[in-house]
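In numbering that gives the first Met the number 0, the protein residues as written are 0 to 511. Just so it is clear, CB atoms sit at the ideal spot from N, CA and C, and this is done for glycine as well. All values reported here derive from a predicted model rather than from experimental measurement. Reviewing the structure listed below.
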Amino acid sequence: MTRLPLMIDLSAAALTPEERELLAERRVAGVCLFGRNVTDRHQLADYVAEARALAGDELVVGIDQEGGGVLRLLDVPFPPAAMALGAADDPVLTEEVAAATGRALAAVGVNLDFAPVADVNSNPANPVIADRSFGADPALVARHVAAFVRGLQSAGVGATLKHFPGHGDTSLDSHLDLPVVDRSLGELRATELVPFRAGMAAGAAAVMSAHIVLPRLEPGVPATLSRRAMHGLLREELGFEGLSVTDALDMKAVADRFSPGEAVVRALLAGVDVPLTLGSVAKHRSVLAAIDEALAAGGFGPDGLAGPLARLAAFARAYPARAEGGRLDAAVEAADRATMARATRAGLVTLAGPLPELAPGDRVAVLANRTVRASAASQVSARPAEGLVEELQRRGVQVAWLELPWGEAVDPTPFLGGLSPLPRAVLYASTSRTRVAEGEAVTARNAAEWARHAGREFVHVALWNPYSAELVPGPALLAFGYRGTVAAAVVEALMGGGASARAPVPLRALAK
């Protein structure tokens, strides 16, 4: 049996007998790793090595190690959110961050990162991109996409430009529905395609498709399944010669409309090299059978799948598998962690007023949800507000914490007025992947009003979505995420260090 251009997922942090059997048949071209496949870097390195021993060294191993809220491997140096890098707007720093990311991935045997996000986040209501984008300006996004590509690939890991031809102007999450981007080709060329061109010019190894409809390109057909998008626009107009992969075909934008086998065959017919399908081994086998059937019927033309297989072989030569057991040189790892911390600190943004200059011994009130509201792409389980509270306490600041419910309006004034002594400052921390719900914004506005009347300082610490700052009056500190050294960077800024980066998206500050 011949290898076919298909990427699959695996079910857990250890291969099942059925998965071993499937990989040993050497029919699939690649595997996509998720958080469920990872416990730590050494386990992951062994896991990848076993998969390759079964499937062959040419097996492509991909992962979403974007940064910020979209990370799968956490016990290595990992990057801040792309929007933090866009805020810092230092392409040299972005390249250093990407190189460090690549070194960590190469050490565990991963040779394809599904990053950087090349989407221009022009829609503030975008529920799935937001901080994953470098910003709202095509030129800014382009220079950081190119820098990330150069850095990542310098470490021997292929970069993937996503989500082609641009997921930044959507108000629906394609994990849940089928978004429509009603832009003309001229508008696409002037905005969405600018970062993709820059990434291709930098030598990006791969492009990932978006499950969005562009009615002025091919009405009613997701770009993933559109030959006008994946061949006409990507290959003929942009001249891209690298590997093209789909976003996961189990996402509802596609899965609600086509069977798994039909979706994969349609993607290949559209010009995609490597469809990505998620599910059971039985499902993967049914998809392989659908490809076999289409091949036997001559559905892919006289050349069959020679083009995708040739591009897969070229990728394997350019980004060969490495087996380092998850080991990183201690000095290199320390330097890479310092780079990530520097980038996180450089990306902090102050909006609409000065920050308090807290000192040890000061008392603050923190209003926040205990957990984080995530999305399908994020796969998170962290408790960001706890990290902020712990770092404040570590720096000698006394903290009173009011835990907020999700989505509901709460009157915080009894809590705040009942504190003795009254806090010097009130910190409202938003931790939602999307903009905060109106009920939570009402709570924050009530807290800001109390602080104003009591002569106390108020700051909104946006620990994830920056657009939440538009819903709360007064000063805001934008962190674009919560992982890694974000808490330390935020507290340093609140204790006199300040934050001088510029928001890479337009934000309308509310009056106090």
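For residue i, is the classification buried or exposed, using 16 other Cβ atoms within 10 angstroms of its Cβ as the cut-off for buried?
{"i": "Q392", "result": "exposed"}
{"i": "A80", "result": "buried"}
{"i": "H452", "result": "exposed"}
{"i": "T15", "result": "exposed"}
{"i": "R326", "result": "exposed"}
{"i": "S258", "result": "exposed"}
{"i": "R507", "result": "exposed"}
{"i": "S419", "result": "exposed"}
{"i": "D136", "result": "buried"}
{"i": "D361", "result": "buried"}
{"i": "P115", "result": "buried"}
{"i": "G495", "result": "exposed"}
{"i": "P214", "result": "exposed"}
{"i": "K511", "result": "The predicted model places K511 with a pLDDT of 47, which falls under 50 and marks its position as unreliable, so this point remains unresolved."}
{"i": "E437", "result": "exposed"}
{"i": "R316", "result": "exposed"}
{"i": "S183", "result": "exposed"}
{"i": "A439", "result": "Note that residue 439 is Glu in the sequence shown, not Ala. It counts as buried."}
My output table needs one value for residue i: the three-state DSSP class, helix, strand or coil.
{"i": "V144", "result": "helix"}
{"i": "A510", "result": "In this prediction, A510 has a pLDDT of 45, which is less than 50 and means its spatial position is unreliable; what the coordinates show is noted afterwards. A510 falls in the coil class under three-state DSSP."}
{"i": "V193", "result": "helix"}
{"i": "T442", "result": "helix"}
{"i": "A98", "result": "helix"}
{"i": "M494", "result": "strand"}
{"i": "G417", "result": "coil"}
{"i": "A424", "result": "strand"}
{"i": "L327", "result": "coil"}
{"i": "V37", "result": "coil"}
{"i": "G61", "result": "strand"}
{"i": "T93", "result": "helix"}
{"i": "L70", "result": "coil"}
{"i": "S285", "result": "helix"}
{"i": "A502", "result": "coil"}
{"i": "L32", "result": "strand"}
{"i": "T276", "result": "strand"}
Just the C-alpha distance for residue i and residue j, rounded to the nearest angstrom, thanks.
{"i": "D39", "j": "L415", "result": "42 Å"}
{"i": "P76", "j": "R501", "result": "25 Å"}
{"i": "E402", "j": "G417", "result": "15 Å"}
{"i": "A478", "j": "P505", "result": "15 Å"}
{"i": "P218", "j": "A138", "result": "28 Å"}
{"i": "V91", "j": "P301", "result": "46 Å"}
{"i": "A330", "j": "M6", "result": "35 Å"}
{"i": "R188", "j": "Q152", "result": "26 Å"}
{"i": "P404", "j": "N368", "result": "6 Å"}
{"i": "A468", "j": "A475", "result": "6 Å"}
{"i": "A98", "j": "L354", "result": "33 Å"}
{"i": "E240", "j": "E448", "result": "57 Å"}
{"i": "A54", "j": "G297", "result": "27 Å"}
{"i": "L350", "j": "V471", "result": "11 Å"}
{"i": "A428", "j": "T276", "result": "37 Å"}
{"i": "T1", "j": "E292", "result": "13 Å"}
{"i": "P4", "j": "W400", "result": "52 Å"}
{"i": "V148", "j": "E65", "result": "12 Å"}
{"i": "E503", "j": "E191", "result": "For clarity, residue 503 is Pro in the given sequence; the question names Glu instead. When rounded, the distance between both Cα atoms is 16 Å."}
{"i": "N36", "j": "A11", "result": "5 Å"}
{"i": "G278", "j": "M250", "result": "11 Å"}
{"i": "R423", "j": "T412", "result": "15 Å"}
{"i": "P123", "j": "A129", "result": "7 Å"}
Return the Cβ separation of residue i and residue j in integer angstroms, given the expectation that the two are a contact with Cβ distance under 8 Å.
{"i": "A83", "j": "P194", "result": "Not confirmed; about 17 Å, so no contact."}
{"i": "P78", "j": "M339", "result": "6 Å"}
{"i": "V398", "j": "V409", "result": "At roughly 18 Å, the Cβ-Cβ gap does not stay under 8 Å, so V398 and V409 are not in contact."}
{"i": "E356", "j": "A487", "result": "That belief does not hold up - the Cβ atoms of E356 and A487 are roughly 17 Å apart, past 8 Å."}
{"i": "A209", "j": "G157", "result": "Rounded, the Cβ-Cβ distance is 19 Å, inconsistent with contact."}
{"i": "V551", "j": "L43", "result": "In this structure the chain extends from 0 to 511, so residue 551 is not present and cannot be described."}
Any Cβ of chain B within less than 8 Å of the Cβ of residue i?
{"i": "T223", "result": "Among the chains in the structure shown there is no chain B, since it carries only a single protein chain."}
- May I have a chain-ordered list of the alpha helix (DSSP H) segments no shorter than 4 residues that lie completely inside the segment 351 to 413? 383 to 393
- Message: Threshold first: 3 residues or longer. Then list the beta strand (DSSP E) segments lying entirely within the segment 4 to 30, N to C.
- Response: 6 to 8
- Query: What are the start and end residues of each continuous alpha helix (DSSP H) run of 4 or more residues lying completely inside the segment 192 to 267, in chain order?
  - Reply: Listed in chain order, they are 192 to 200, 251 to 254.
- Message: What ranges does the alpha helix (DSSP H) occupy inside the segment 110 to 170, keeping only unbroken runs of at least 4 residues that lie completely in it?
- Response: 137 to 153
- Minimum length 3: unbroken beta strand (DSSP E) runs contained in the segment 433 to 479: With a minimum length of 3 residues, the continuous beta strand (DSSP E) runs that stay inside the segment 433 to 479 are 456 to 461, 475 to 477.
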